[in-house]
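Residue numbers (the numbering used here): 88 to 236.
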């Protein structure tokens, strides 16, 4: 599977999240070329404001590997991570972060606080924004338009 294939898997998780009535964000963790964890937003389903796709995928990957440090692992997520998720990415020591759509209001990587650029950030992954951005944006726009409609 390639980077686009991994992002396709994250987009599939985002679609499943939308089907559950959640904001359509999906994430997958890749280690040694294998998807080891995948999930979508579940904040409403779990009544847990921390249940963002990235957090859930990081938790599952750490459990699978039996360690809190995901050295050498990559995260693919459909939306620019928020500050909470950026901190989790840093603490997990993920190697690379690939994300789709920018989030001008809540993003914390290329927007907002730019978490990984702060001197207090302990670990910054390599960052690759804009992967499948148009598909991710369309999912979000369609979801919110249906809610307003």
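Virtual Cβ for every residue (Gly too), placed ideally from N, Cα, C.
Open item on the list: Using DSSP's beta-bridge definition, name the partner residues of residue 126.
Closed with: Against the chain shown, residue 126 aligns to sequence position 39. Beta-bridge pairing links residue 126 to 114.
- prompt: Hey, how far is the Cα of residue 195 from the Cα of residue 172?
  reply: For the purposes of this step, residue 195 is identified with residue 108 of the chain shown, where counting begins at 1. For the purposes of this step, residue 172 is identified with residue 85 of the chain shown, where counting begins at 1. Spanning the two alpha carbons is a distance of roughly 9 angstroms.
* Asked: Unbroken beta strand (DSSP E) runs of length 3 or more, entirely within the segment 149-182: which are they?
  -> 160-166
Cβ pair count under 8 angstroms reaching 3, the segment 95-112 against the segment 219-235
yes
Checklist entry - What is the residue span of the beta strand (DSSP E) that residue 213 lies within? => result Here residue 213 corresponds to residue number 126 of the chain shown, with the count starting at 1. Taken as a continuous stretch (DSSP letters only), the beta strand (DSSP E) holding residue 213 covers 213-216.
Practice problem: Out of 106, 184 and 107, point me to the one whose CA is closest to residue 144's CA. | Solution: Here the question's residue 144 lines up with position 57 in the chain shown. For the residues 106, 184 and 107, the minimum Cα distance to residue 144 belongs to 184.
Q | Reference residue 213; option with closest CA among 197, 227 and 226 | A | Walking along the chain shown from the start, residue 213 turns up at place 126. The candidate whose alpha carbon is nearest that of residue 213 is 197.
query = In its own chain, which residues sit with a C-beta less than 7 angstroms from the C-beta of residue 208, not counting the 5 before and 5 after it?
reply = Counting from 1 along the chain shown, the entry for residue 208 is found at position 121. For residue 208, where only same-chain residues beyond five positions count, the Cβ hits under 7 angstroms are 177 and 202.
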